Amino acid sequence: MASFIGSRVTEVENKPVEKPVDREKTCPLLLRVFCNSGRHHRVEEFDRGRVPPNELQIYTWMDATLKELSSLVKEVNPEARRRGTFFSFATVSPDNRRPGYHLTNIGMTCSGRKGPDDALTLSSTSFQIGDYVDIAISLPTRGGGPPPLRRDSWGRM
-2 MASFIGSRVT
8 EVENKPVEKP
18 VDREKTCPLL
28 LRVFCNSGRH
38 HRVEEFDRGR
48 VPPNELQIYT
58 WMDATLKELS
68 SLVKEVNPEA
78 RRRGTFFSFA
88 TVSPDNRRPG
98 YHLTNIGMTC
108 SGRKGPDDAL
118 TLSSTSFQIG
128 DYVDIAISLP
138 TRGGGPPPLR
148 RDSWGRM
């Protein structure tokens, strides 16, 4: 009679544990947010000290979630309050390889629905203090799924 002994060891992800920010004792940072309808701004719009004209300045902390940021945007953007509106978040940060900036997608939330990126915090993404946050706001479609983000003439979002 043969018996087999197998290992039941599973690999555990070692994620660094985020320490909560004491918002009473920690000074907030100024987050410069730029919203656009249906697509992200082109990175060229951030070159040479320029920024898109529709800036929203938010004082917040590194533990702010994407859902929390969505709520703040909805306070000042009435059309974004509709259930099913998608918010696609990206950081705009200096490019270390060449002059200018690069855009990095960091997550997506949906108004009125829970999603996997809702609890992502600024500190858990590629965001660094001094980066901009660009949000593509897409109003709901009939199918209810995330609308395709519009691309520019170069195929970029």
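Our numbering puts the first residue of the sequence shown at -2, with every later residue one more than the last.
Glycine included, every Cβ here is placed at the ideal spot set by N, Cα and C.
None of these values were measured; they are calculated from a predicted model.
query: Taking just the CA atoms, how far does Thr88 sit from Leu114?
result: The sequence shown places Asp at residue 114, rather than the Leu named in the question. The straight-line gap from Cα to Cα measures roughly 15 Å.
query: Going straight from the alpha carbon of Gly97 to that of Asp60, what length do you get?
result: 27 Å
- prompt: Taking just the CA atoms, how far does Thr62 sit from Ser90?
  reply: 19 Å
field: Residues that Arg18 bridges to, as DSSP identifies them
entry: In the sequence as presented, Arg is not what sits at residue 18; that position holds Val. Answer is none; Val18 lacks a bridge partner.
message: Below 8 Å, how does it come out for the region 74 to 89 and the region 125 to 139: are there three or more Cβ pairs, yes or no?
response: yes
task: Using only alpha-carbon positions, find the residue among Pro50, Gly46 and Leu136 that is nearest to His38.
output: Pro50
message: Taking the straight line between their C-alpha atoms, what separation do you get for Pro17 and Asn93?
response: 30 Å
- prompt: What three-state label does DSSP hand Gly104 in the structure shown?
  reply: strand
query: Hey, how far is the Cα of Glu65 from the Cα of His99?
result: 24 Å
message: Which residue wins for smallest C-alpha separation from Ser68, given the options Pro137, Gly109 and Gly35?
response: Gly109
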